[in-house]
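Q: Protein chains in written order, with my numbering: chain A, 2 to 203; chain B, 6 to 226.
The beta-carbon is built from N, C-alpha and C at its ideal position, and this holds for glycine as well.
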């Protein structure tokens with residue numbers, strides 16, 4: 002029989018990690034699911050809209066992302082890593098699928114200025130303390146990203162937000178494949194070094 | 006296992022960025038399955054890449070998105086086990102009640118026939134105080150026996166109906182009761198003329214020439 006778990010309260014919710022909440026989602030706990038939505042929906046929508054360039058389409062992708070989280074929760078393996086990358090990966094892939102169906106390239110990832118691309122406006126419904134805390138974190142992350150070379154940033158952008166393979170990045174940027182490898186590797190290494198802590202603690 | 010520089014330096018970053026072909030991704034998966042240290046390094050890269058997502062401007066979804074999503078989740082939830090059990094029990098009870106009602110309706114239909122004469126049967130020995138029956142003779146002469154709370158007979162036994170004329174019992178055939186002890190038995194081709202009493206006996210399978218053990222007996226007052 003499925004273990005009966007008490008409903009989550011505001012008191013306990015803040016102390017549960019994403020992975021702990023996810024184990025409750027696997028046991029079909031809608032309260033845990035809702036908490037994961039509240040925690041990450043705004044970031045995911047930001048990523049998705051950045052890829053598809055349309056808020057309404059982005060909200061559809063967001064809903065489908067969370068529906069998959071609910072329906073395919075048992076496919077998440079905490080041993081392979083934290084929840085956030087897994088969740089972001091679902092959203093990103095769905096967004097890129099939409100983009101490919103529309104045969105539209107991710108202009109947002111290529112043409113906007115750095116300032117616009119890393120605009121850090123908090124979500125309007127963030128509570129003030131959470132928004133302030135997040136703003137500090139994001140400012141720190143933005144500084145770390147800003148310390149990367151433009152070439153390293155571009156490789157990361159084209160891969161993550163553009164959905165390009167390493168070979169496509171090499172062709173798009175007219176760069177040898179080996180250089181693309183180096184830029185990606187160093188870009189991620191530098192990002193971690195400048196953040197100075199494991200990013201899952203951010 | 007030795008570190009594979011090509012996989013870790015060239016493919017790992019793009020695995021984390023989700024920018025590998027399916028074949029390349031499968032190659033990485035196969036490599037880390039047998040290499041826990043490499044798997045840990047890849048996991049760290051995945052966390053690094055999550056930072057990229059969090060550098061995008063967050064956008065608060067419209068409240069309707071969450072409302073629709075939670076409604077979808079609620080509709081997908083199975084009924085709670087306790088509630089499901091209760092529903093199953095109520096359905097089962099409802100079926101029993103409907104069956105019982107159908108039997109009573111059928112009995113009432115016989116009792117309510119114009120010109121019908123009905124009398125009650127009971128256990129003359131008093132050993133089966135809840136066992137009871139009615140015999141209805143319709144205006145056209147058809148005789149119907151209704152019994153309740155007669156325990157189902159043991160294997161090799163049956164109930165037999167008797168029309169008693171004077172002191173002489175005339176077999177009216179054997180009949181079965183359902184698990185709840187009920188039966189509605191219409192006697193085919195009852196003998197012409199009135200009978201003085203009606204009995205039900207417990208007999209060996211196939212019935213007897215004479216009643217062995219009378220369990221219900223009654224006569225028109």
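(1) Does the separation of the CB atoms of residue 151/B and residue 135/B fall below 8 Å?
(2) Locate the beta strand (DSSP E) running through residue 191/B, then write down its first and last residues.
(3) Is it right to say residue 128/B is buried, meaning 16 or more other beta carbons lie within 10 angstroms of its own, or is it exposed?
(4) Looking at C-alpha atoms only, which residue of 137/B, 33/B, 199/B and 58/B is the closest neighbour of residue 93/A?
(5) Quick check on residue 72/B - is its C-beta less than 8 Å from some C-beta in chain A?
(6) Provide the residue(s) that pair with residue 164/B in DSSP beta bridges, ordered along the chain.
(7) Does the count of Cβ pairs from the region 6 to 18 of chain B and the region 33 to 49 of chain B closer than 8 Å reach three?
(8) For residue 65/A, which residues from the same chain have a beta carbon less than 6 Å from its beta carbon, with the 5 sequence-adjacent residues on both sides left out?
(9) By how many angstroms is the C-alpha of residue 189/B removed from the C-alpha of residue 210/B?
(10) Using a Cβ-Cβ distance under 8 Å, would residue 54/A count as near chain B?
(11) Check the Cβ of residue 208/A against every Cβ in chain B and list those closer than 7 Å, keeping chain order.
(12) I want to verify the contact list: residues of chain A whose CB lies under 7 Å from the CB of residue 26/B, in sequence order.
(13) Taking all protein chains shown into account, decide if residue 142/B is buried (16 or more other Cβ within 10 angstroms of its Cβ) or exposed.
(14) Among the candidates 180/A, 170/A and 77/A, whose CA atom is the shortest distance from the CA of residue 26/B?
(15) Please list the terminal residues of the continuous alpha helix (DSSP H) segment that includes residue 47/A.
(16) So with CB distances below 9 Å, who are the chain A contacts of residue 14/B?
(17) Output needed for residue 27/A: all residues of its chain with C-beta closer than 6 Å, excluding positions within five of it in sequence on either side, in chain order.
(18) Would you call residue 96/B buried or exposed, if buried means 16 or more other Cβ atoms sit within 10 Å of its Cβ?
(19) List the whole-angstrom C-beta distance separating residue 212/B from residue 176/B, where the pair is believed to meet the contact cut-off of C-beta under 8 Å.
(20) Measure from the alpha carbon of residue 186/B to the alpha carbon of each residue in 156/B, 206/B, 168/B and 203/B, then state which is nearest.
(21) For a quick check, are the C-beta atoms of residue 178/A and residue 186/A less than 8 Å apart?
(22) From the DSSP output, read off the bridge partner residues of residue 169/B.
(23) How long is the line joining the alpha carbons of residue 192/A and residue 99/A, rounded to whole angstroms?
(24) With burial defined as no fewer than 16 other Cβ atoms inside 10 Å of the residue's Cβ, what is the status of residue 101/A: buried or exposed?
(25) Would residue 91/A be called buried (16 or more neighbouring beta carbons within 10 Å of its own) or exposed?
(26) Show which residues of chain B have a CB atom less than 8 Å away from the CB atom of residue 90/A.
(27) Residue 149/A CB to nearest chain B CB: under 8 Å?
(28) How big is the Cα-Cα spacing for residue 38/B and residue 22/A?
(29) Would you identify the three-state DSSP class for residue 61/B, choosing helix, strand or coil?
(30) Which residues of chain B have a Cβ atom closer than 7 Å to the Cβ of residue 86/A, listed in chain order?
(31) Let's test the definition: count the other Cβ atoms within 10 Å of the Cβ of residue 101/B and tell me whether it reaches 16, buried, or not, exposed.
(32) Sorted by chain position, which residues of the same chain lie with C-beta nearer than 6 Å to residue 155/A's C-beta, five sequence neighbours on each side aside?
(33) Shorter than 8 Å from the beta carbon of residue 67/A to some beta carbon of chain B?
(34) For residue 1/A, name the three-state secondary structure that DSSP assigns.
(35) For the region 82 to 96 of chain B, which residues have a CB atom closer than 8 Å to at least one CB atom of chain A, in sequence order?
A: So, from the listed chains and residues:
(1) In the second chain, the residue the question calls residue 151/B occupies position 146. In the second chain, the residue the question calls residue 135/B occupies position 130. In this structure, residue 135/B does not lie closer than 8 Å to residue 151/B by Cβ.
(2) In the second chain, the residue the question calls residue 191/B occupies position 186. Its beta strand (DSSP E) spans residues 188 to 192.
(3) In the second chain, the residue the question calls residue 128/B occupies position 123. Buried, by the Cβ-count rule.
(4) Translated into positions along the first chain, residue 93/A becomes position 92. Answer by Cα proximity: 58/B.
(5) In the second chain, residue 72/B corresponds to position 67, counting from 1. Cβ-Cβ to chain A under 8 Å: no for residue 72/B.
(6) Numbered from its first residue, the second chain carries residue 164/B at position 159. Paired residues: 180/B and 207/B.
(7) yes
(8) Here residue 65/A corresponds to residue number 64 of the first chain, with the count starting at 1. For residue 65/A, where only same-chain residues beyond five positions count, the Cβ hits under 6 Å are 95.
(9) The residue you call residue 210/B lines up with position 205 of the second chain. The residue you call residue 189/B lines up with position 184 of the second chain. Looking at the two C-alpha atoms, the distance is approximately 19 Å.
(10) Here residue 54/A corresponds to residue number 53 of the first chain, with the count starting at 1. Output row for residue 54/A: interface = no.
(11) In the structure as shown, chain A starts at 2 and stops at 203, and residue 208/A therefore has no counterpart that could be examined.
(12) Start at 1 with the first residue of the second chain, and residue 26/B comes out as number 21. What residue 26/B touches in chain A: 166.
(13) Here residue 142/B refers to the residue found at position 137 when the second chain is read from its first residue. By the 10 Å Cβ count, residue 142/B comes out buried.
(14) Counting from 1 along the second chain, the entry for residue 26/B is found at position 21. Considering only alpha carbons, the answer is 170/A.
(15) Stepping through the first chain from its first residue, residue 47/A is reached at position 46. Note, residue 47/A: alpha helix (DSSP H), 31 to 53.
(16) Position 9 of the second chain, counted from the first residue, corresponds to residue 14/B. The contacting residues are 182, 183 and 186.
(17) For the purposes of this step, residue 27/A is identified with residue 26 of the first chain, where counting begins at 1. Taken in chain order, the residues that qualify are 74 and 75.
(18) Locating residue 96/B in the second chain gives position 91, where the first residue counts as 1. Answer is exposed; the Cβ neighbour count stays below 16.
(19) Residue mapping note: residue 212/B aligns to position 207 of the second chain, counting from 1. Residue mapping note: residue 176/B aligns to position 171 of the second chain, counting from 1. At roughly 6 Å, the Cβ-Cβ gap stays under 8 Å, so residue 212/B and residue 176/B are in contact.
(20) To locate residue 186/B, count along the second chain from 1; it is residue 181. Of the listed residues, the one whose Cα sits closest to residue 186/B is 156/B.
(21) Indexing the first chain from 1 puts residue 178/A at position 177. Indexing the first chain from 1 puts residue 186/A at position 185. Not closer than 8 Å, so no.
(22) For the purposes of this step, residue 169/B is taken as residue 164 along the second chain, with counting starting at 1. Paired residue(s): 174/B and 202/B.
(23) Counting from 1 along the first chain, the entry for residue 192/A is found at position 191. Counting from 1 along the first chain, the entry for residue 99/A is found at position 98. When rounded, the distance between both Cα atoms is 29 Å.
(24) For the purposes of this step, residue 101/A is identified with residue 100 of the first chain, where counting begins at 1. So residue 101/A ends up on the exposed side.
(25) Taking the first chain and counting its residues from 1, the one referred to as residue 91/A is at position 90. With 16 or more other Cβ atoms within 10 Å, it is buried.
(26) Stepping through the first chain from its first residue, residue 90/A is reached at position 89. Simply 23.
(27) By 1-based counting over the first chain, the position of residue 149/A is 148. Not one chain B Cβ lies under 8 Å of residue 149/A.
(28) Your numbering for residue 38/B matches position 33 in the second chain. Your numbering for residue 22/A matches position 21 in the first chain. So the alpha carbons of these two residues sit roughly 26 Å apart.
(29) Here residue 61/B refers to the residue found at position 56 when the second chain is read from its first residue. Correct three-state label for residue 61/B: coil.
(30) To locate residue 86/A, count along the first chain from 1; it is residue 85. Correct list: 51, 52, 54 and 55.
(31) Here residue 101/B refers to the residue found at position 96 of the second chain. By the neighbour-count rule (16 or more Cβ atoms within 10 Å), residue 101/B is not buried but exposed.
(32) Position 154 of the first chain, counted from the start, is the residue given in the question as residue 155/A. Contacts found: none.
(33) Translated into the one-based positions of the first chain, residue 67/A becomes position 66. Taking Cβ atoms only, chain B reaches closer than 8 Å to residue 67/A, which makes this a yes.
(34) The question about residue 1/A has no answer, for chain A in this structure spans 2 to 203.
(35) 82, 83 and 86
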